[in-house]
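Asks:
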Amino acid sequence: MTLKHILGVDHVVVTVRELDAAALAWKGLGFTVSPRGTHSPQMGSGNHTIMFGEDYLELLGIVAPTPHNAPMREWLETREGLERTAFTTDDAAAGVAEVQARGQAATGPIAFGRPVPMPDGSMSEARFEVFHWPSTLRTAGMRIFACQHLTRETVWISELQAHANGATGILRVEALAKDPGAAAEQMAGLIESTVARAPDGAYAVPTGAGRADLVFLDRAQLAARHEGVPLDGLPEEGAAALVLKTHSLSHAARALGTAPGATVAVPATRATGVLLRFVPEEQD
Numbered sequence: 002m003t004l005k006h007i008l009g010v011d012h013v014v015v016t017v018r019e020l021d022a023a024a025l026a027w028k029g030l031g032f033t034v035s036p037r038g039t040h041s042p043q044m045g046s047g048n049h050t051i052m053f054g055e056d057y058l059e060l061l062g063i064v065a066p067t068p069h070n071a072p073m074r075e076w077l078e079t080r081e082g083l084e085r086t087a088f089t090t091d092d093a094a095a096g097v098a099e100v101q102a103r104g105q106a107a108t109g110p111i112a113f114g115r116p117v118p119m120p121d122g123s124m125s126e127a128r129f130e131v132f133h134w135p136s137t138l139r140t141a142g143m144r145i146f147a148c149q150h151l152t153r154e155t156v157w158i159s160e161l162q163a164h165a166n167g168a169t170g171i172l173r174v175e176a177l178a179k180d181p182g183a184a185a186e187q188m189a190g191l192i193e194s195t196v197a198r199a200p201d202g203a204y205a206v207p208t209g210a211g212r213a214d215l216v217f218l219d220r221a222q223l224a225a226r227h228e229g230v231p232l233d234g235l236p237e238e239g240a241a242a243l244v245l246k247t248h249s250l251s252h253a254a255r256a257l258g259t260a261p262g263a264t265v266a267v268p269a270t271r272a273t274g275v276l277l278r279f280v281p282e283e284q285d
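Using our numbering, the final residue of the sequence shown is 285, and nothing's skipped along the way.
1. For the 8 Å Cβ check, are there 3 or more pairs between the stretch 198-213 and the stretch 153-160?
2. How many Å lie between proline 261 and arginine 255 at the Cα?
3. I need the DSSP call for valine 100, collapsed to helix, strand or coil.
4. Using the C-alpha atoms, what's the distance from leucine 60 back to alanine 241?
5. Using a Cβ-Cβ cutoff of less than 7 Å, which residues in the same chain neighbour proline 110 once the five nearest sequence positions on both sides are dropped?
6. If you follow the alpha helix (DSSP H) that leucine 25 is in, where does it begin and where does it stop?
7. Considering only residues of the same chain and omitting the five flanking positions on each side of arginine 74, which have a CB-CB separation below 7 Å?
8. Taking only runs that begin and end inside the stretch 177-209, name each unbroken beta strand (DSSP E) of 3 or more residues, in chain order.
9. In angstroms, rounded to a whole number, what distance separates the CA positions of threonine 33 and threonine 208?
10. What residues match up with valine 131 in a beta bridge as DSSP calls it?
11. Quick one, are the C-beta atoms of glutamate 84 and arginine 144 less than 8 Å apart?
12. Pick out whichever of Asp214, Asn70, Thr152 has its Cα sitting closest to the Cα of valine 13.
13. Kindly indicate which three-state DSSP category glutamate 84 falls into: helix, strand or coil?
14. Rounding to the nearest angstrom, what Cα-Cα distance links alanine 221 and arginine 278 in this structure?
15. Are valine 117 and alanine 107 close, meaning C-beta to C-beta below 8 Å?
16. In chain order, what residues of the same chain have a beta carbon less than 8 Å from the beta carbon of asparagine 70, not counting five sequence neighbours either side?
17. With a cut-off of 8 Å on the beta carbons, I'd call threonine 247 and asparagine 166 a contact; round off their distance for me.
18. Helix, strand or coil: how does DSSP classify arginine 255 here?
19. Is threonine 86 near histidine 6, with beta carbons less than 8 Å apart?
20. Could you give the C-beta distance for glycine 54 and threonine 169, rounded to a whole number, given that I count them as a contact under 8 Å?
21. Would arginine 271 and alanine 26 be called neighbours here (beta carbons separated by less than 8 Å)?
22. When the Cα atoms are used, what is the spatial distance from phenylalanine 290 to threonine 137?
23. Smallest Cα separation from leucine 56: which of Ala210, Arg226, Met119?
24. Straight-line CA distance for leucine 30 to arginine 115?
25. What residue does the alpha helix (DSSP H) around proline 281 start on, and which one ends it?
26. Serine 41 by DSSP, collapsed to three states: which one?
27. Counting along the chain, where does the beta strand (DSSP E) carrying methionine 52 start and finish?
In structure tokens, the structure reads:
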């Protein structure tokens, strides 16, 4: 990638209508879910995080309507699920300038934070700067933005990174697209990456060394990849599935109450609109 300040997938945003219910649902899948956080007032949002090694999953909900969260409120009128992907940036100001210099109408940086209860009982703060690609530009229905972590120590807390299901990171984000090839080319253009064709005909966009790929595919390809898993609750177009790495498939199966196999899957109806598949850490 030639964008110097975009380093790969940082986290995915699962937008939900009821944060408390979502946190309970994901805890029931064997994830350690952080205490609820409330973002700065201009954001009008609250969250729970599910932390991995280098990336994480964010459950995000509305706590008060604001201009900033208008696109999220509009999106929630249709469904819950994977709404956005965030990329790590090491410098939000330089990153937005870099993207704007390529003719893309990125906005930001926006600074905000949230209080964080620490394991020792003290209170600290997580602080961020983000910039956004235009909210109207949704590749296969998915928005993208970049996030600079100013206080990694209050986000990547070791006690939050141990999960009963053994999850250690995000391997792939799989998005349904009406034209997967065109969607992949658009995303690759936005982040200055490349497109690779998978054996099943899907299109993969690498986002950075050691970071998750973004995969664009049609419904038949998604069904074949997740054979036997109902696709109920998934959109016609949009980010639909997460493939997660686990250090132990037996741990994943036990946490999910299912029989162990080569992989372990969860239908979207159990995970606030997200199909999940767990694969061994060494599987690519």
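We treat Cβ as the ideally placed atom computed from N, Cα and C, and that holds for glycine.
All values reported here derive from a predicted model rather than from experimental measurement.
Replies: Well, looking at it:
1. no
2. 8 Å
3. helix
4. 15 Å
5. Ala93, Ala94, Val97, Glu130, Val131, Phe132
6. 20-28
7. Ile63, Pro66
8. 204-206
9. 26 Å
10. Ile111, Cys148
11. yes
12. Asp214
13. strand
14. 17 Å
15. no
16. Met44, Gly45, Ser46, Ile63
17. 6 Å
18. helix
19. no
20. 6 Å
21. yes
22. Only positions 2 to 285 of the chain appear in this structure, which leaves residue 290 out of reach.
23. Position check: residue 56 holds aspartate in this sequence, whereas leucine was assumed. Closest option to aspartate 56, Cα to Cα, is Ala210.
24. 26 Å
25. From DSSP, proline 281 is part of no alpha helix (DSSP H) but of the beta strand (DSSP E) over 276-281.
26. coil
27. 46-52
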